[in-house]
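Student: Quick one: the structure is below, questions incoming.
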Amino acid sequence: MDSLFASRTRFPDRTAAILHNGPDPAPKMIAMARRLEAAGATVLIMPCNTGHVFLDRIRAGVGAAVLDMPLE
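Convert by adding 2 to the 1-based position in the sequence shown; the result is the number in the working numbering.
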């Protein structure tokens, strides 16, 4: 099985979005998930605890399975 990896350090701050109504990082997170999916990914794993606040929106934006790291 091949693996794909993506890392972006310039997303809007997830903690600021969650706690202080900062810029929404979900659109960029969804765009990255779509790029991974377009590259052939069928399962996505996000190693970011705060990113999981946006998990439902990411799942709604892609066809690939997105694992819930804290639960799986």
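Using N, Cα and C, we set each Cβ at its ideal position, and we do this for glycine too. All values derive from a computational prediction rather than experimental measurement.
Less than 6 Å between C-beta atoms, sequence neighbours within five positions excluded: which residues of the same chain meet that for Pro25?
Tutor: For the purposes of this step, residue 25 is identified with residue 23 of the sequence shown, where counting begins at 1. Within the same chain, Pro25 has close Cβ partners Pro14.
Student: State the beta-bridge partners of Leu21 as determined by DSSP.
Tutor: As a position in the sequence shown, residue 21 is number 19, starting the count at 1. According to DSSP, which records beta bridges pairwise, Leu21 is partnered with nothing at all.
Student: Let me check understanding here. Comparing Cα to Cα, which of Arg10, Ala18, Ala66 lies closest to Glu39?
Tutor: Counting from 1 along the sequence shown, the entry for residue 39 is found at position 37. Glu39 has its Cα closest to that of Ala66, out of Arg10, Ala18, Ala66.
Student: Would you decide whether Arg68 is buried or exposed? Buried here means 16 or more other CB atoms lie within 10 Å of its CB.
Tutor: Taking the sequence shown and counting its residues from 1, the one referred to as residue 68 is at position 66. Here residue 68 is Val; the residue named in the question, Arg, does not match the sequence. It counts as buried.
Student: Consult DSSP for Ala40 and reduce its assignment to one of helix, strand or coil.
Tutor: Counted from its first residue, the sequence shown places residue 40 at position 38. Correct three-state label for Ala40: helix.
Student: Would you list the one or two residues that DSSP bridges to Val68?
Tutor: Against the sequence shown, residue 68 aligns to sequence position 66. Partner(s): Leu46.
Student: If you check the beta carbons only, do Gly63 and Ala35 fall under 8 Å apart?
Tutor: For this step, residue 63 is matched to residue 61 along the sequence shown. For this step, residue 35 is matched to residue 33 along the sequence shown. A contact, by the Cβ cut-off of 8 Å.
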